[in-house]
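Student: Numbered by full-length UniProt numbering, the letters in the sequence shown go through residues 1 to 279 in order.
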Amino acid sequence: MDKVFENVGGEILNTVSALCGDNTHKRISFGEQPTFMAYPWAALLMYDHREKYQCGGTMITQRYVLTAAHCIKDNLVGIRLREYNISSQEDCAVDDGYVIHCMAPPIDLGIEKIIKHEKFSKRNFDNDIALIRLSRSLNYERSIRPICLPERQDADYFKKYGVISGWGLTEKGKISDVLLHAEVPVLSLDYCRKIYPYTPFNSTKICASGVDEIDICKGDSGGPLVARLEGYQEGRKFRYLQTGIISAGVSTCGDKRFLPGVFTNVASFINWIEENLEL
1 MDKVFENVGG
11 EILNTVSALC
21 GDNTHKRISF
31 GEQPTFMAYP
41 WAALLMYDHR
51 EKYQCGGTMI
61 TQRYVLTAAH
71 CIKDNLVGIR
81 LREYNISSQE
91 DCAVDDGYVI
101 HCMAPPIDLG
111 IEKIIKHEKF
121 SKRNFDNDIA
131 LIRLSRSLNY
141 ERSIRPICLP
151 ERQDADYFKK
161 YGVISGWGLT
171 EKGKISDVLL
181 HAEVPVLSLD
191 YCRKIYPYTP
201 FNSTKICASG
211 VDEIDICKGD
221 SGGPLVARLE
231 GYQEGRKFRY
241 LQTGIISAGV
251 STCGDKRFLP
261 GVFTNVASFI
271 NWIEENLEL
């Protein structure tokens, strides 16, 4: 029996399920920089400001990028995809000094529409989620692919560890030129309630990281927390699925307290995402 969708958004997300969460590498190794096509869903938000790149996001369909609501600012002007090193004109894979493959240049896209969650709170970062509709649709390729999203609102995709990635601050306090990543532990909400007693924690949030300053510094706002799922779909050994959006509480670089980060729980907002997607 064909699956019946309650809205257009559900049908849109279903159409990307065959390609979502797939990268060009069978396993991501930590403790080193990721290869330049390890995260084909990675997006950079571009601002009309001297600090051009301040937030990240993820491609979830050919037309939409998912990010944090607090990243939506008046000077947000575009989205960059297919990027790895923001300081280089061309990103290439090198082996023993020889160039073996180069990625096509980055794609800069305009913004047609921004949908920020109507109940987003600047005070406590509740409902810190937003969708950005691109000025045009993109064709999928090896270096441009969507991330998988949870299939239902109450889905439990949490594991002991997740992966954060982005062009966030380095240990020197500067934005990284190169896409960085780190594996971080997912912590209980009860633990985070003790660390942040004045921040309301419920099922719409995830608490993670807080192990060392390197891990904490490698994520940037709006970017993803993803899980590697074994046997997520028939015929595939594993997929990467976005469980969280980097939201608030991430320590500044060099903070020896190793405070955990707070993430928006994507599974809690699947209905909202579907309701706001358009063809």
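In this text, a Cβ means the ideal position worked out from N, Cα and C, and glycines have one as well.
(1) Return helix, strand or coil for Ile270, following the three-state DSSP convention.
(2) In chain order, what residues of the same chain lie with their CB nearer than 6 Å to the CB of Arg82, ignoring the 5 residues before and after it?
(3) Assuming Leu277 and Thr61 are in contact, meaning their beta carbons sit under 8 Å apart, how far apart are those beta carbons, in whole angstroms?
(4) If we ignore side chains and look at the alpha-carbon of each, how far apart do Asp220 and Phe201 end up?
(5) Only counting the same chain, and skipping five residues up and downstream in sequence, which positions put a Cβ closer than 7 Å to that of Tyr161?
(6) Using three-state DSSP, classify Cys102 as helix, strand or coil.
(7) Here's the rule I'm using: 16 or more other beta-carbon atoms within 10 Å means buried, otherwise exposed. How should Ile216 be labelled?
(8) Which stretch, first to last residue, makes up the alpha helix (DSSP H) that contains Thr15?
(9) With distances taken Cα to Cα, identify the nearest neighbour of Leu45 among Pro146, Met103, Ala104 and Leu131.
(10) Could you compute how far the alpha carbon of Ile12 sits from the alpha carbon of Leu279?
(11) Report yes if the CB atom of Gly21 is closer than 7 Å to the CB atom of Tyr240, and no otherwise.
(12) Can Leu109 and Leu76 be called in contact, C-beta distance under 7 Å?
(13) Give the range of the beta strand (DSSP E) segment to which Ile79 is assigned.
(14) Alpha carbon to alpha carbon, how far is Glu141 from Lys194?
(15) Taking the straight line between their C-alpha atoms, what separation do you get for Trp167 and Lys52?
(16) What distance in whole Å lies between the Cβ atoms of Thr243 and Ile273, which are believed to be in contact at a cut-off of 8 Å?
Tutor: According to the data block:
(1) Taken through DSSP and simplified to helix, strand or coil, Ile270 comes out as helix.
(2) Only Pro106, Ile107, Ser143 and Ile144 meet the Cβ criterion.
(3) Confirmed, about 7 Å.
(4) For Asp220 and Phe201, the distance between alpha carbons rounds to 21 Å.
(5) Excluding sequence neighbours, Tyr161 sits near Glu183, Val184, Pro185 and Val186.
(6) In the structure shown, Cys102 sits in a strand (DSSP, three-state: E or B).
(7) Per-residue confidence for Ile216 stands at a pLDDT of 45, beneath the threshold of 50, marking its modelled position as unreliable; no derived number is given.
(8) Note, Thr15: alpha helix (DSSP H), Val8 to Thr15.
(9) Nearest C-alpha to Leu45 among Pro146, Met103, Ala104 and Leu131: Leu131.
(10) C-alpha separation (whole angstroms): 7 Å.
(11) With a cutoff of 7 Å on beta-carbon distance, Gly21 and Tyr240 are scored as near each other.
(12) Taking 7 Å as the Cβ cut-off, Leu109 and Leu76 do not qualify as a contacting pair.
(13) Per DSSP, the unbroken beta strand (DSSP E) holding Ile79 starts and ends at Leu76 to Leu81.
(14) Here the C-alpha atom of Glu141 lies approximately 44 Å from the C-alpha atom of Lys194.
(15) About 12 Å.
(16) Their Cβ separation, rounded to whole angstroms, is 14 Å, which puts Ile273 and Thr243 out of contact at 8 Å.
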